[in-house]
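Q: Going by this note's numbering, the first residue of the sequence shown is number 26, and it counts up by one from there.
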Amino acid sequence: MKDKIEDVRKKIDAIDGNILDLLNLRADTVKKIADIKKKSKLPAFDPARERKIIEELARKNKGPLTKKDIEFIMEEIFKLYRGMFRPMKIAYLGPEGTFAHQSALKKFGGNSEFIPCKTTDNIFREVEKNRADYGVVPIENSIEGVVSHTLDLFVDSNLNITAEILLNVHHYLLSKEKSFASIKKVFSHYQAIGQCWNWIIENLPDAKLIETESTATAVKMAKGEKNTAAIGSLVAADIYGMDILAEKIEDYGENITRFLAIGKSFSLKTGKDKTSILVSIKDKVGALYDILLHFKKNNITLTRIESRPSKKKAWDYIFFFDFKGHKDDASVKKALKSIEQESVFLKLLGSYPIGDNNV
Numbered sequence: 026m027k028d029k030i031e032d033v034r035k036k037i038d039a040i041d042g043n044i045l046d047l048l049n050l051r052a053d054t055v056k057k058i059a060d061i062k063k064k065s066k067l068p069a070f071d072p073a074r075e076r077k078i079i080e081e082l083a084r085k086n087k088g089p090l091t092k093k094d095i096e097f098i099m100e101e102i103f104k105l106y107r108g109m110f111r112p113m114k115i116a117y118l119g120p121e122g123t124f125a126h127q128s129a130l131k132k133f134g135g136n137s138e139f140i141p142c143k144t145t146d147n148i149f150r151e152v153e154k155n156r157a158d159y160g161v162v163p164i165e166n167s168i169e170g171v172v173s174h175t176l177d178l179f180v181d182s183n184l185n186i187t188a189e190i191l192l193n194v195h196h197y198l199l200s201k202e203k204s205f206a207s208i209k210k211v212f213s214h215y216q217a218i219g220q221c222w223n224w225i226i227e228n229l230p231d232a233k234l235i236e237t238e239s240t241a242t243a244v245k246m247a248k249g250e251k252n253t254a255a256i257g258s259l260v261a262a263d264i265y266g267m268d269i270l271a272e273k274i275e276d277y278g279e280n281i282t283r284f285l286a287i288g289k290s291f292s293l294k295t296g297k298d299k300t301s302i303l304v305s306i307k308d309k310v311g312a313l314y315d316i317l318l319h320f321k322k323n324n325i326t327l328t329r330i331e332s333r334p335s336k337k338k339a340w341d342y343i344f345f346f347d348f349k350g351h352k353d354d355a356s357v358k359k360a361l362k363s364i365e366q367e368s369v370f371l372k373l374l375g376s377y378p379i380g381d382n383n384v
């Protein structure tokens, strides 16, 4: 039996050697692409190309790997190579260890250079001033709803949405203490406290709750003070060297935050895309209804509609639409042309691959 295991292991070793050779060959080829892109001033990040590679491999796949397995493996390969020869600068809502940082790592990988920002405004500014290649901004949470301020920033910005990142949000109780009984104070962002409220009441009813500007800040504060804990992420636990006293303490399991990657380029068509626009409608009866009709006429599925005050005139609103399809689809082109004719103005924010929440 031992001889049989050793024989199989030799085969695995040989396969692993082939994989290593192919990965290095791919790295050499990626470097050539990176050099061409640099000379041609093309964006290093191409989510549409990456999506097409995954879809093509999934189509060719004969198993036993699943499509999700292939997607996970290829995403890790993309992230590794993406920053190997031409590290990208990524601005995000800091400090290190926030869920925004986690989403940026998920999309761009550890080889990128990450720039923590204090506000979403700063993220937009870093990209606009070419101090960052891309920014990662929060747009909505499945429990808390839309992040209105992010929507507002798109009105006056020339940046485009190049990708969306869906992050499964899990909260952990992090501390240097060994038991719940030792914890007198709990630090965290107010949203994290709210999302774990029932768990806190049941397990730490006497602990004083202290709000912080971010979950990562909470972890930093708890690290330096006895008899305290913080509610934060696994990434923060790793960065700040904290122990996990309890895991996944959120009250609702389906807690997903949607982030957007913003930059100066547009993503190419993949066949599984989403488009975002903002529209200022005319001040007349049925104006919004008339706009919505164009989506129906062109068989386009709306996934979100939000209204925000224009801040230029009282009771004047701007509408944000997300819908399935790409700006280069014939049906989308037709709908956008009609909507533009019937509105005060229309602004295309971007077409980008539909995100997944595998991680």
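For each residue, glycine too, the CB sits at the ideal point set by N, CA and C.
1. Using the rule of at least 16 other Cβ atoms within 10 Å of the residue's Cβ for burial, across every protein chain shown, is residue 200 buried or exposed?
2. Is it true that the CB of residue 71 sits closer than 9 Å to the CB of residue 293?
3. Using 9 Å as the threshold, is the C-beta distance between residue 274 and residue 196 below it?
4. Use the C-beta contact count for residue 91: other C-beta atoms within 10 angstroms, 16 or more gives buried, fewer gives exposed.
5. DSSP on residue 114, reduced to helix/strand/coil?
6. Please report the residue range of the beta strand (DSSP E) in which residue 260 lies.
7. Under a three-way DSSP split, which group does residue 192 fall into?
8. With DSSP as the reference, identify every bridge partner of residue 370, one or two as the case may be.
9. Of the choices 161, 281 and 231, whose alpha-carbon is the least far from that of residue 217?
10. From the DSSP output, which residues share a beta bridge with residue 342?
11. Does DSSP put residue 268 in a helix, a strand or coil?
12. Spatial neighbours of residue 81 within its chain, please: CB distance less than 8 Å, with the 5 preceding and 5 following residues excluded, ordered by chain position.
13. So who's on the other strand from residue 348, going by DSSP bridges?
14. Using 8 Å as the threshold, is the stretch 199-215 in touch with the stretch 261-271, meaning 3 or more CB pairs across them?
15. Let me see if you follow: with CB-CB separation under 9 Å, is residue 43 close to chain C or not?
16. Out of curiosity, what's the CA-to-CA distance linking residue 139 and residue 190?
17. Taking all protein chains shown into account, do 16 or more other C-beta atoms lie within 10 angstroms of the C-beta of residue 310, making it buried, or fewer, making it exposed?
18. Specify the secondary structure class of residue 109 as computed by DSSP and reduced to three states.
19. By Cβ distance below 7 Å, which residues in the same chain neighbour residue 221 in space, the five residues on each side in sequence not counted?
20. Using a Cβ-Cβ cutoff of less than 6 Å, which residues in the same chain neighbour residue 236 once the five nearest sequence positions on both sides are dropped?
21. Following the continuous beta strand (DSSP E) through residue 156, name the residue where it begins and the one where it ends.
22. Taking the alpha carbon of residue 359 as the reference point, which residue from 330, 370 and 323 has its own alpha carbon closest?
23. Look up residue 287 in the DSSP assignment and say whether it is helix, strand or coil.
24. Taking the alpha helix (DSSP H) that residue 213 falls in, what are its first and last residues?
25. Rounding to the nearest angstrom, what Cα-Cα distance links residue 384 and residue 99 in this structure?
26. CB-CB under 8 Å to residue 107, same chain, minus the five flanking residues each way: which ones, in chain order?
27. Leaving out the 5 sequence neighbours to the left and right, which residues in its chain are closer than 7 Å to residue 371 when beta-carbon positions are compared?
28. So, using beta-carbon positions, are residue 241 and residue 261 closer together than 9 Å?
29. Residue 40: buried (16+ other C-beta within 10 angstroms of its C-beta) or exposed?
30. Measuring only the C-alpha atoms, how far is residue 47 from residue 102?
31. Is it right to say residue 43 is buried, meaning 16 or more other beta carbons lie within 10 angstroms of its own, or is it exposed?
32. What would DSSP say about residue 136, mapped onto helix, strand or coil?
33. Output the distance between the C-alpha atoms of residue 149 and residue 55, rounded to the nearest integer angstrom.
A: This is what the structure holds:
1. Residue 200 sits at position 175 when you count from the first residue of the sequence shown. Label assigned to residue 200: buried.
2. Taking the first residue of the sequence shown as position 1, residue 293 is located at position 268. Taking the first residue of the sequence shown as position 1, residue 71 is located at position 46. Yes. Within cutoff.
3. Along the sequence shown, read from residue 1 onward, the residue named residue 274 stands at position 249. Along the sequence shown, read from residue 1 onward, the residue named residue 196 stands at position 171. Contact: yes.
4. Residue numbering aside, residue 91 sits at position 66 when the sequence shown is read from its first letter. So residue 91 ends up on the exposed side.
5. For the purposes of this step, residue 114 is taken as residue 89 along the sequence shown, with counting starting at 1. Strand at residue 114.
6. Counting from 1 along the sequence shown, the entry for residue 260 is found at position 235. It is not in any beta strand (DSSP E) - residue 260 instead sits in the alpha helix (DSSP H) that spans 259-265.
7. Translated into the one-based positions of the sequence shown, residue 192 becomes position 167. Residue state, collapsed to three classes: strand.
8. As a first step, residue 370 must be located in the sequence shown, where it is residue number 345. According to DSSP, residue 370 bridges with 305.
9. As a first step, residue 217 is located in the sequence shown; it is residue number 192 there, counting from the start. Here the closest residue by C-alpha is 281.
10. Residue mapping note: residue 342 aligns to position 317 of the sequence shown, counting from 1. Paired residue(s): 334.
11. As a working mapping, residue 268 is identified with position 243 in the sequence shown. It is a strand residue.
12. Counted from its first residue, the sequence shown places residue 81 at position 56. Around residue 81, the same chain offers no residue with a beta carbon nearer than 8 Å, after the five sequence neighbours per side are excluded.
13. Position 323 of the sequence shown holds residue 348. Answer by DSSP bridge pairing, in chain order: 300 and 327.
14. yes
15. Any reference to chain C falls outside this structure, which holds one protein chain only.
16. One-based indexing of the sequence shown puts residue 139 at position 114. One-based indexing of the sequence shown puts residue 190 at position 165. Taken atom to atom, the span from the alpha-carbon of residue 139 to that of residue 190 is near 16 Å.
17. The residue labelled residue 310 in the question sits at position 285 within the sequence shown. By the neighbour-count rule (16 or more Cβ atoms within 10 Å), residue 310 is not buried but exposed.
18. Residue numbering aside, residue 109 sits at position 84 when the sequence shown is read from its first letter. Looking at residue 109 - three-state DSSP - the assignment turns out to be coil, as it is neither helix nor strand.
19. For this step, residue 221 is matched to residue 196 along the sequence shown. Within the same chain, residue 221 has close Cβ partners 196, 256, 274, 275 and 276.
20. For the purposes of this step, residue 236 is identified with residue 211 of the sequence shown, where counting begins at 1. Closer than 6 Å at the Cβ level, and outside the excluded window around residue 236, lie 215.
21. Numbered from its first residue, the sequence shown carries residue 156 at position 131. Residue 156 -> no beta strand (DSSP E), and no H or E assigned at all.
22. For the purposes of this step, residue 359 is taken as residue 334 along the sequence shown, with counting starting at 1. Among 330, 370 and 323, the Cα nearest to that of residue 359 is on 323.
23. Along the sequence shown, read from residue 1 onward, the residue named residue 287 stands at position 262. Looking at residue 287 - three-state DSSP - the assignment turns out to be strand.
24. Position 188 of the sequence shown, counted from the start, is the residue given in the question as residue 213. First-last for residue 213: 210-214, but that is the beta strand (DSSP E), not the alpha helix (DSSP H).
25. In the sequence shown, the residue the question calls residue 384 occupies position 359. In the sequence shown, the residue the question calls residue 99 occupies position 74. Because the pLDDT at residue 384 is just 45, under 50, the model does not fix this residue reliably, and the value given afterwards should be weighed accordingly. Roughly 13 Å separates the two Cα atoms.
26. Here residue 107 refers to the residue found at position 82 of the sequence shown. The answer, listed in chain order, is 69, 70, 113, 133, 134, 136 and 137.
27. For this step, residue 371 is matched to residue 346 along the sequence shown. Cβ within range, chain order: 302, 304, 361, 364 and 365.
28. As a first step, residue 241 is located in the sequence shown; it is residue number 216 there, counting from the start. As a first step, residue 261 is located in the sequence shown; it is residue number 236 there, counting from the start. Taking 9 Å as the Cβ cut-off, residue 241 and residue 261 qualify as a contacting pair.
29. Residue numbering aside, residue 40 sits at position 15 when the sequence shown is read from its first letter. Result: exposed.
30. For the purposes of this step, residue 47 is identified with residue 22 of the sequence shown, where counting begins at 1. For the purposes of this step, residue 102 is identified with residue 77 of the sequence shown, where counting begins at 1. Computed Cα separation, rounded: 12 Å.
31. Here residue 43 corresponds to residue number 18 of the sequence shown, with the count starting at 1. Classification of residue 43: exposed, given that the 10 Å Cβ count is below 16.
32. As a working note, residue 136 is residue 111 in the sequence shown. Note: residue 136 maps to coil in three-state DSSP.
33. Within the sequence shown, numbered from 1, the residue matching residue 149 stands at position 124. Within the sequence shown, numbered from 1, the residue matching residue 55 stands at position 30. Each residue's alpha carbon lies about 29 Å from the other.
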